[in-house]
Amino acid sequence: MLLLSAKKTSSTVHTTMPLHKHSVSYFLIAVHLILCPCYGLTSINATNDMLCEKYNETMCNSNSNGEGCNGTEECKPGENEKGNLCYVLWQNNSRSFTIKLKGCWVGSHDACSNRNRCMETRREPNVQLLFCCCEGSMCNRKMTIPSNVFAPTPAAAKTSTAAPIRMASSSRQIRNILLFTMLPFITITVVVAIGYWVYRRHKMALFNELPTTDPSPLPPPSPLLGLRPVQLLEVKAQGRFGAVWKAMINNEPVAVKIFPQQDKNSWIVEQEIYLLPQMKHDNILNFLGVEKRGDQFQVEYWLISSYHEKGSLCDYLKANLVSWGDVLNIADSISKGLMHLHEELPATKGEKYKPAIAHRDFKSKNVLIKNDMSACIADFGLALIFYQGKPTGETHGQVILAFFYLVLTF
730 MLLLSAKKTS
740 STVHTTMPLH
750 KHSVSYFLIA
760 VHLILCPCYG
770 LTSINATNDM
780 LCEKYNETMC
790 NSNSNGEGCN
800 GTEECKPGEN
810 EKGNLCYVLW
820 QNNSRSFTIK
830 LKGCWVGSHD
840 ACSNRNRCME
850 TRREPNVQLL
860 FCCCEGSMCN
870 RKMTIPSNVF
880 APTPAAAKTS
890 TAAPIRMASS
900 SRQIRNILLF
910 TMLPFITITV
920 VVAIGYWVYR
930 RHKMALFNEL
940 PTTDPSPLPP
950 PSPLLGLRPV
960 QLLEVKAQGR
970 FGAVWKAMIN
980 NEPVAVKIFP
990 QQDKNSWIVE
1000 QEIYLLPQMK
1010 HDNILNFLGV
1020 EKRGDQFQVE
1030 YWLISSYHEK
1040 GSLCDYLKAN
1050 LVSWGDVLNI
1060 ADSISKGLMH
1070 LHEELPATKG
1080 EKYKPAIAHR
1090 DFKSKNVLIK
1100 NDMSACIADF
1110 GLALIFYQGK
1120 PTGETHGQVI
1130 LAFFYLVLTF
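Residues in the sequence shown are numbered from 730 upward in steps of one, following the numbering used here.
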């Protein structure tokens, strides 16, 4: 009947007015577009009109206005034997379902429901995400959840006979971390403590060997051995073998190095170096004399020398900038002083033979700066004298202690 009416309409059109053959083609296409939706006929481009409902929970939560997270999605044609399908992915949370994703799905028709709604649900054991796909445009708008979804799976229904896995407590983990972190530090501390204990024991053994009374003879007389009045003003430096004071004698500034009783050997060695023949030199600290102060229980050994206000090279460089000319002057004077120490000088008419001397503790702390920015070498407590044809003898006892001190320091 529809075809007859179409024919009648067509004949009527031909009788009223002639149509161009292109106009007839346009007319037939329009009739096809009108009749297809009304009577369920297949459209020419029906394969390109597959639509699915679209939803993305992550986009909706991250976007405050919800733009672009839901709507309608047009499905692209499938490849090979796969067709266009719609799907729903939701999550099972304590018998309540939350939709996660909706949209187009390209897959096999055999694995999906052929109805106009999503009914057949697939899930894996112990997985809370459920999946369903269906055929037909917008078929994922409605979904039906089967009752067997809530039934426990056989794997879950079986009683587990395996022993429960015990997780390490947080306190045990913290204890293990602290143990492995602190173990190297504790080991180093113990080693350093043992080394320091050995050092102190050795030092106290040397101290205990010193007699309470001083049976050794005094050194040769010096200009200040008569205990002239010395006024100590302030401590300028603290060294390994004693403290250096700024003092006044007859309104003249001098430096007084005070040795405690256990460092008496250093006091003897240092004055022995200064009293050698031909030791007077511009780049060697000017020696004035020695004194022994106090009684037999509180003895101090003093070594008096010229005072230099600028102090040691180490302290001066920390607080001042030096010019290139001053650097050359300091270096030149230091080299001259070391050369004088190391050199053997033959006897002259006025003085005896001077042997070679090794300082053995040369550093910037033991170099003093004069007012003219030249330098002089001081502190001969570890020095060693090399006499011709004679062995140097046993190493000074304090060298061992100094070595132990350096090991513990570094």
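Even glycine gets a Cβ: it sits at the ideal position worked out from N, Cα and C.
If you're wondering where the values come from, they're calculated on a predicted model, not measured in any experiment.
Contact annotation: Asn869 and Cys781 have beta-carbon atoms nearer than 8 Å. Rounded to the nearest whole angstrom, the C-alpha separation of Gly797 and Cys789 is 8 Å. Residue environment analysis places Lys1047 among the exposed positions, since fewer than 16 neighbouring C-beta atoms fall within 10 angstroms of its C-beta. The region 1070 to 1083 and the region 1015 to 1029 do not touch, with fewer than three beta-carbon pairs separated by less than 8 Å.
DSSP places Asn813 within a strand segment (E or B) once states are collapsed to three. Counting along the chain, the unbroken beta strand (DSSP E) around Tyr1030 starts and ends at 1029 to 1035. Positions of the alpha helix (DSSP H) runs, each at least 4 residues long and wholly inside the region 1043 to 1097, are given as 1053 to 1071 in order along the chain.
Membership of Ser825 in the beta strand (DSSP E) is indicated by the continuous run 825 to 836. The C-beta separation of Asp1055 from Met1102 comes to about 5 Å, placing the pair in contact by the 8 Å criterion.
Contact between Glu1029 and Gly1110 is absent: CB atoms are separated by about 15 Å, not below the 8 Å threshold. Rounded to whole angstroms, Ile997 and Gly971 show a C-alpha spacing of 13 Å. Residue state for Lys1039 is assigned as coil, using DSSP reduced to three classes.
In the three-state reduction of the DSSP assignment, Arg930 falls in the helix class. Burial of Ala984 is indicated by the presence of at least 16 other C-beta atoms within 10 angstroms of its C-beta. Here DSSP, grouped into helix, strand and coil, assigns Cys868 to helix. Nearest to Val1096 by C-alpha distance, out of Lys1081, Ile1013, Leu1113, is Ile1013.
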